[in-house]
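In what follows, a structure is listed as structure tokens, so that the remarks can point back to it.
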Amino acid sequence: MRPAITATAWRVALEEWRALRRSSVAVAAAGLLLALTLAAIVVSLERAHSVEVQRARLQQQADDQWNSQPDRHPHRVVHYGHYVFRPLTALAFFDFGVAPFTGSTLYLEGHRQNSANFSDAGQSSLLLRFGQLTPAFVLQVLAPLLLVFLAFGALARERERGQLRLMLAHGVSGGALLAGKLAAHGLLAVLLAAPALAALALIATADPLLVAPAGWLALGYAAYLLLWSAAAVQVSALARRARDALLLLVGAWALMAVLLPRVLPDVAAGMVPRPTRIEMEAAVHAELARIGDSHNPDDPYFRNFRDSVLKRFGVSKVEDLPVNYKGLVIEEGERLTSELFLAGMQRDFARQAAQGSVLETAALAVPLLALRSMSAAMADTDRAAHERFLLAGEDYRYRLIQALNRLHAEKVTYHDDRAQRISADYWRALPRYQHPPSPLERTVTQRVRPALAIFAGWLVAAALLAAWVARRLERNT
Amino acid sequence: MKNWKFELLLLLRSRPAAAALVVLALLSALSVWNGMRAMAAQRIALERIAAVHAADLAERAARQPADGDAGLTAYYTPHLTFTPAPPLAFAAIGQRDVQPYALQVRALGLQAQLYESEAINPELAAPGRFDFAFVLVYLAPLFIIALMHDLLSGEREAGRLRLLSSLPGKPGALWRRRVLLRLALVALALLLPLLAGARLSGAAPVETALVAGAALLYVAFWCGVAAWGAAVSRSAAAGAALLLATFVLLALVLPTGVNAALDRAIPVVQGAELALAQRQAVHTAWDKPREETMQRFFRTHPEWKDTAPLPEGFHWKWYYAMHQAGDDAVAEQAALYRGALWSREQWTRNTGLLLAGVNVQVLLHRLAGTDMEARMAYLDRVAAYHELVRRHFYPYVFGERPFGPADFARLPVFAPAPGAGLPPATLLCALALLAGAALLLGLRSTARVTMGPDPMG
């Protein structure tokens with residue numbers, strides 16, 4: 001761009017800001033959004049903190065219960081089980097994502113895989129369905145509406161008042177004019193996002209691990225809002241009257257930020273049917289019945305298992321084994337059921353991913369879907385984060401139960417098995433649940449880059465459109 | 001009458017207005033269809049569940065020996081409970097997409113089984129469903145704002161406002177006609193698909209009429225607000241800005257704010273605490289003298305006090321006494337948890353006394369039987385059924401009688417009940433008051449504009 005054009009564009013931008021500052025409606029609306037952002041930050045931070053404290057306390061309580069068990073038979077401990085609670089990550093305050101719709105309490109016991117229970121959605125009135133006051137909600141839904149309001153008159157009003165013709169007659173090129181307006185509203189978009197992004201930066205300074213996700217979040221939201229402001233300015237440039245521009249833009253907002261983000265998940269659910277929990281459990285049990293029944297002494301699978309154990313230890317009777325055969329059988333049974341649980345889980349995750357991929361495709365046309373996906377991913381509150389909790393919980397359950405079954409095999413004798421107890425020190429020494437950290441690099445590749453690519457594509461399209469709009473501005477004012 | 005006809009023609013000749021009404025009717029029809037589709041899918045899923053369960057039960061019945069051990073049968077046999085979608089659930093799906101609509105229970109401790117969750121895809125649940133309630137609460141106000149934000153400024157900008165003001169007749173009659181006409185058309189566009197859906201779903205006339213009435217009041221509320229916004233704004237853009245800000249505040253910001261406040265003020269951590277306490281109560285019985293557990297059980301079930309004393313070694317009597325005593329031990333906590341959930345619902349209803357959007361949501365979901373109250377009623381039915389099941393097994397377990405195929409065939413069967421009910425009258429009155437006040441405000445402000453001097457003139 002030639003310096004003269006840049007200078008003109010800059011003057012246009014400054015003039016636009018001056019006009020916006022003078023407009024009491026614009027100032028009031030921006031003030032309202034600012035207040036909402038601040039309220040959302042404070043409310044969400046406080047809420048996330050209280051949830052975190054609550055879960056830490058529950059985890060402590062569960063760990064205390066675990067440790068305060070008296071000397072017991074290890075299989076009692078298998079049935080006693082353990083509780084784990086999904087901890088909240090530091091950026092969750094920014095975007096609760098799907099977290100309110102997932103259970104955070106997981107009961108781990110032998111022979112069974114339980115659902116994660118006590119989700120917010122299940123315990124809230126239908127108020128929750130109005131959405132949640134988080135910085136993400138403000139920036140995703142409310143900020144675009146404000147941007148549209150500030151920008152719908154950018155060129156359409158000047159056209160109505162005949163100022164556009166005047167400026168072009170004074171030698172201001174269409175390109176410089178449009179560039180100036182785009183710059184003015186683009187910067188405004190970034191300014192509107194600034195308080196929320198500043199809160200992100202503040203949180204990130206406390207933990208170097210959060211710098212990258214916070215940075216990606218800032219980039220994603222900035223691109224998303226820039227897109228809205230660019231669209232609004234150009235619609236304003238094309239509309240005959242400011243009113244038309246406003247109606248069109250508010251309609252687009254209703255469609256892209258309210259309607260489609262609701263309709264498309266329903267479409268995805270309709271396209272990829274999923275069975276209910278009861279059916280999935282029945283399928284696992286049917287598979288299990290096909291393999292074998294550890295309670296049946298004549299079951300072929302477990303007869304084979306017994307023979308192979310006897311052979312391995314070179315004895316002819318289970319009573320002669322150096323280990324407790326009952327413990328071994330339970331261990332083998334747990335291995336089999338857990339494999340099936342895991343396979344069933346993966347099958348269902350695949351179905352959910354198939355539903356998710358419908359949304360990923362739709363995100364090409366509906367940028368909010370792309371933003372929502374990357375935002376929840378970076379805040380570690382997306383479906384993948386929940387699946388990670390379920391998988392880690394299942395993995396921990398399996399290792400815990402098998403460690404207890406090992407104790408059953410090695411520390412409890414076959415004869416008069418049930419009447420024995422072993423020291424509680426054995427299970428107190430077992431490791432505690434460690435919540436796995438977010439696989440940041442993979443998440444960035446899977447969620448952030450596609451979203452940013454979508455925004456980039458739209459922004460390029462907006463730029464191409466701008467070139468055409470600029471020429472059109474000069475032709476017919 | 002002629003005036004009305006003329007206004008109708010005038011409105012429908014405006015292409016954007018006619019298009020808006022058609023689109024709204026289409027969206028309403030789409031939401032009704034989508035809701036019915038979702039409920040049909042749930043009905044089919046329930047049929048599948050019933051089939052899976054029946055097959056499992058038949059297989060167990062066939063295996064039941066004549067001298068069967070009631071304790072063992074009770075331990076393994078699942079019992080199906082379910083809550084079919086009430087006829088109007090399609091209009092407001094509410095909690096039905098996040099809560100299980102079928103739950104299997106065994107004769108063991110109930111509190112460990114009651115809060116099992118459904119395997120939902122949270123990514124699809126989080127945005128909320130596209131049902132009639134959504135179209136009504138979120139989209140209808142936007143359409144009303146689009147139709148009415150320039151009610152006066154449009155005439156002013158077209159230079160007709162003075163002329164219209166000087167027309168003979170009662171002041172404000174023209175605007176009243178225009179506002180009421182838009183109200184009627186918006187209501188028609190919304191309600192025709194709803195009524196068709198209710199008819200197809202076999203909903204009762206009273207409930208259907210109440211849903212339609214609530215929707216009509218909500219539309220009236222927004223028409224009143226929109227008329228007010230149009231009257232106090234100088235330009236169409238200012239009217240749109242004012243009304244959209246009102247919409248964002250009333251439909252998005254305040255409800256989410258109230259929800260955040262309720263979340264904080266009424267914690268429901270009792271759920272998880274209850275689970276921890278119940279497990280502790282059940283399992284510590286293994287480390288206590290067995291007679292102690294039996295005495296605790298007899299306190300709530302004295303009819304089994306005089307059965308034979310516990311023998312040496314394991315006995316199912318003691319096992320089921322232990323599970324029931326565990327439930328009894330946390331009864332108070334369970335009631336507290338329930339109370340907390342209920343007070344969240346109560347406060348939501350109280351919010352509905354002031355916020356029309358929340359109010360109409362509460363009304364619709366109550367009439368549809370998809371709210372927290374319906375959920376709690378279902379859990380109560382599960383608890384009552386669980387007790388029936390337990391009490392079916394107790395005579396065999398405590399009387400040490402064999403449990404044969406005939407006894408198996410007599411196992412109690414769960415009887416579902418519709419979760420729908422009539423909403424509190426106060427809420428309906430509050431909505432009528434809110435709608436009446438808004439409409440009055442709107443009509444008065446428009447009437448005043450006509451009488452006053454034309455600011456542009």
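In order, the protein sequence lines correspond to chains B and W.
Okay, so the first sequence: first residue is 1 according to our numbering, each after it adds one.
Okay, so the second sequence: first residue is 1 according to our numbering, each after it adds one.
Heads up, the beta-carbon is just placed ideally off N, CA and C, and yes, glycines get one too.
CA-to-CA distance, residue j to residue i, given in whole angstroms
i: residue 89 of chain W; j: residue 383 of chain W; result: 23 Å
i: residue 169 of chain B; j: residue 29 of chain W; result: 51 Å
i: residue 44 of chain B; j: residue 133 of chain B; result: 7 Å
i: residue 231 of chain W; j: residue 175 of chain W; result: 10 Å
i: residue 435 of chain W; j: residue 445 of chain W; result: 15 Å
i: residue 96 of chain W; j: residue 370 of chain W; result: 6 Å
i: residue 349 of chain W; j: residue 427 of chain W; result: 7 Å
i: residue 80 of chain W; j: residue 186 of chain W; result: 44 Å
i: residue 324 of chain W; j: residue 404 of chain B; result: 27 Å
i: residue 161 of chain B; j: residue 154 of chain B; result: 12 Å
i: residue 407 of chain B; j: residue 331 of chain B; result: 10 Å
i: residue 59 of chain W; j: residue 119 of chain B; result: 35 Å
i: residue 402 of chain W; j: residue 413 of chain B; result: 33 Å
i: residue 291 of chain W; j: residue 394 of chain W; result: 18 Å
i: residue 275 of chain W; j: residue 73 of chain B; result: 23 Å
i: residue 208 of chain W; j: residue 139 of chain W; result: 21 Å
i: residue 366 of chain W; j: residue 373 of chain W; result: 8 Å
i: residue 17 of chain B; j: residue 466 of chain B; result: 20 Å
i: residue 115 of chain W; j: residue 84 of chain W; result: 18 Å
Simplified DSSP state of residue i, which is helix, strand or coil
i: residue 359 of chain W; result: helix
i: residue 462 of chain W; result: This structure leaves residue 462 of chain W out entirely; chain W is present only between 1 and 457.
i: residue 269 of chain W; result: coil
i: residue 413 of chain B; result: coil
i: residue 214 of chain B; result: helix
i: residue 448 of chain W; result: helix
i: residue 405 of chain B; result: helix
i: residue 294 of chain B; result: coil
i: residue 311 of chain W; result: coil
i: residue 453 of chain W; result: Its pLDDT being 47, under 50, residue 453 of chain W is placed unreliably in this model, and the value from its coordinates should be taken loosely. Of the three classes helix, strand and coil, the one that applies to residue 453 of chain W here is coil, per DSSP.
i: residue 194 of chain W; result: helix
i: residue 317 of chain W; result: helix
i: residue 137 of chain B; result: helix
i: residue 50 of chain B; result: helix
i: residue 132 of chain B; result: coil
i: residue 306 of chain W; result: coil
Residue i, buried or exposed, once every other Cβ within 10 Å from all chains shown has been counted against 16
i: residue 223 of chain W; result: buried
i: residue 170 of chain W; result: exposed
i: residue 44 of chain W; result: exposed
i: residue 425 of chain B; result: exposed
i: residue 76 of chain W; result: exposed
i: residue 478 of chain B; result: Residue 478 of chain B is absent from the structure shown; chain B starts at 1 and stops at 477.
i: residue 295 of chain B; result: exposed
i: residue 19 of chain W; result: exposed
i: residue 243 of chain B; result: buried
For residue i, the residue or residues it bridges with in DSSP
i: residue 84 of chain B; result: B:106
i: residue 81 of chain W; result: W:103
i: residue 422 of chain B; result: B:72
i: residue 116 of chain B; result: B:106
Residues of the stretch 290-307 of chain B whose Cβ lies closer than 9 Å to any Cβ of chain W, in chain order: Here the close residues number zero.
Short-range partners of chain B found in the stretch 330-346 of chain W, where Cβ spacing is below 7 Å: Cβ proximity to chain B below 7 Å picks out 341, 344 and 345 from the stretch 330-346 of chain W.
Cβ-based contacts, 7 Å cut-off: residues of the stretch 276-291 of chain B near chain W: So the close ones are 276, 277, 278, 279, 280 and 282.
Members of the stretch 118-138 of chain B near chain W, C-beta cut-off 8 Å: The stretch 118-138 of chain B vs chain W, Cβ under 8 Å: 118, 119, 120, 121, 122, 123, 124, 125, 126, 127, 128, 129, 130, 131, 132, 133 and 137.
Under 8 Å (Cβ pairs) to chain B, residues found in the stretch 255-272 of chain W: Correct list: 255, 256, 257, 258, 259, 260, 262, 263, 264, 267, 268, 269, 271 and 272.
Selection of the stretch 371-398 of chain B by Cβ proximity to chain W, strictly under 9 Å: The stretch 371-398 of chain B vs chain W, Cβ under 9 Å: 372, 373, 376, 382, 383 and 386.
Residues from the stretch 268-300 of chain W in contact with chain B, defined by Cβ distance under 8 Å: Interface annotation for the stretch 268-300 of chain W against chain B: 268, 269, 271, 272, 273, 275, 276, 279, 280, 283, 286 and 287, criterion Cβ-Cβ distance under 8 Å.
Residues, ordered as in the chain, of the stretch 84-106 of chain W that lie near chain B by beta-carbon distance below 9 Å: Residues of the stretch 84-106 of chain W with a C-beta atom less than 9 Å from some C-beta of chain B are 92, 94, 95, 97, 98, 99, 100, 101, 102, 103 and 104, listed in chain order.
Members of the stretch 351-373 of chain W near chain B, C-beta cut-off 8 Å: Interface annotation for the stretch 351-373 of chain W against chain B: 351, 357, 358, 361, 362, 365, 371 and 372, criterion Cβ-Cβ distance under 8 Å.
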